[in-house]
Amino acid sequence: MQIYLDLFIVFFKIGLFGFGGGYAMLPLIQHEVVSEPHKWLSMADFTDIVAISQMTPGPIAINSATYVGYTVSGSVWGAAVATFAVCLPPLVIMLLISKFYLRFRENHYMEMIFAGLKPAIIGLITAAALTLMNSHNFIDYKSIVIFVAVFIATLFKIDPIKLIIVAGISGIVLY
Amino acid sequence: MLKEPKMPILLQMFLTFFKIGMFTLGGGYAMVPLIQREIVEKRGWVEESEFFELLALAQSSPGPIAVNSSIFVGYKVAGVTGSIVATLGTTLPSFFIILLIAAWLVGFRSNPHVEAFFKGIRPAVVAMIAAPLFSLSRAMGIGWKGLTLVAAVAMLVAFAGFSPAILIGITAICSLLYGIWQKRRQQGA
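Chains as they are written, first to last, in my numbering: chain A, 727 to 901; chain B, 339 to 527.
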């Protein structure tokens, strides 16, 4: 029983302080899961989870919660508890934010705030794209060909899901 | 909020977010084009103009962007129940897949076909994040002043390691002060 409680507390904490999503949450997850006092995973295990997260759909926080919950407790319940715990703080906080926003969206001051936030959000997406242009994602000229092809296809509004599937199949054919 | 019978809407929402959760490979922003397609264009649950507000809100709360976005859309369409259903839809695909891998597919990672598949997907995801940036900026009517802010935020986050949440907070406060200052100036003139 203690293990479920520990899992809940640790992943609740990760959900509560994990600002910025994705890779911004990695140091926090690592700190909670690899370091004292729990030491649930070795550094090598953690690197594996990151790699598996990159290969599977879904947010990395959810992936690591499910994985750690399962391996630490040896049962599906551990995975469920950890995944639930990591979603709980965002659920409560985001609900409050949504409620507040939907009520005050017409407010003059809200409009002022969002006028400035729009460019900032585009900046954040640009940052995400820039960070992802690394040697892990671009291994050779074939990667660049895929990049250019998908870039053009996206401009023509081709369904992203179809593009992902086609890109994956191209990967199998090309590599 | 929509006044249709709740059950079909909830089911629709679960399936739509399940689909998004299933195909969000490569981290939070990879879902931006998916949300735009499924939620804005196909379903119309969020208007094009609200899309940015959705992203801003999702960034200002802790937790994965994918989860936060589904909570907002779910709440907007069908209240608290909607947000729970949408969150379940987004998280269940990863939950089952990771469970499967943790329990049985220990060799999943080193399978050469899986590896080749992802070698193809990775640059595609980057392209899908980068390509809409131009049309998004145009749709938002971002001028030179805005572009400076875009560049500044992009640089600070990508190369100086600034936290997106903190930058959003700072930008929000500055925009508010700037808006008030402009209003005062107009009234004074």
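From the three backbone atoms N, C-alpha and C, an ideal C-beta is built for every residue, glycine too.
Query                                                                                                                   : Result
Ser398 (chain B) versus Gly507 (chain B): straight-line alpha-carbon distance, rounded                                  : 8 Å
Cα-Cα separation between Gln525 (chain B) and Ile480 (chain B), rounded to whole angstroms                              : 25 Å
Separation of Leu494 (chain B) from Ile755 (chain A), as counted between CA atoms                                       : 23 Å
Whole-Å CB distance - Ala469 (chain B) paired with Leu889 (chain A), under 8 Å assumed                                  : That pair is no contact at about 10 Å.
9 Å Cβ cutoff, Val807 (chain A) in contact with chain B                                                                 : no
Beta-carbon separation (whole angstroms), Ala808 (chain A) vs Ala791 (chain A), contact threshold 8 Å                   : 4 Å
Whole-angstrom distance between Ile740 (chain A) and Lys765 (chain A), CA atom to CA atom                               : 15 Å
Gly894 (chain A) (DSSP reduced to helix, strand or coil)                                                                : helix
Residues from the stretch 388-412 of chain B in contact with chain A, defined by Cβ distance under 8 Å                  : Phe390, Glu391, Leu393, Ala394, Leu395, Ala396, Gln397, Ser398, Ser399, Pro400, Gly401, Pro402, Ile403, Ala404, Val405, Asn406, Ile409 and Phe410
Distance between beta carbons of Glu376 (chain B) and Lys287 (chain B), contact taken as under 8 Å                      : What the structure shows of chain B is the stretch from 339 to 527, and residue 287 (chain B) is not part of that stretch, so it cannot be assessed.
CB of Leu733 (chain A) within 9 Å of CB of Val776 (chain A), strictly                                                   : no
Partner residues on chain B for Val876 (chain A), Cβ-Cβ distance less than 8 Å                                          : Pro461, Ala462, Ala465, Met466 and Ala469
CA-to-CA distance, Gly417 (chain B) to Asp866 (chain A), given in whole angstroms                                       : 47 Å
Neighbour flag for Val423 (chain B) against chain A, beta carbons, 9 Å                                                  : no
Contact set for Val491 (chain B): own chain, Cβ-Cβ below 7 Å, skip 5 residues either direction                          : Leu505
Between the CA atoms of Ser448 (chain B) and Ile435 (chain B) - distance to the nearest angstrom                        : 16 Å
Chain B contact for Ser896 (chain A) (CB, 9 Å cutoff)                                                                   : yes
At least three beta-carbon pairs within less than 8 Å, the stretch 825-844 of chain A to the stretch 510-519 of chain B : yes
Where the alpha helix (DSSP H) containing Pro461 (chain B) begins and where it ends                                     : Pro450 to Ala468
Same chain only: Cβ atoms within 7 Å of Ala853 (chain A), ignoring 5 sequence neighbours per side                       : none
9 Å Cβ cutoff, Met478 (chain B) in contact with chain A                                                                 : yes
At least three beta-carbon pairs within less than 8 Å, the stretch 382-396 of chain B to the stretch 423-440 of chain B : no
6 Å CB neighbourhood of Tyr466 (chain B) in its chain, flanking five on each side removed                               : The sequence shown places Met at residue 466 (chain B), not Tyr. So the list reads Pro371, once near-sequence residues are dropped.
Residue of B:Phe352, B:Pro461, B:Met478 and B:Gly517 minimising C-alpha distance to Ile409 (chain B)                    : B:Phe352
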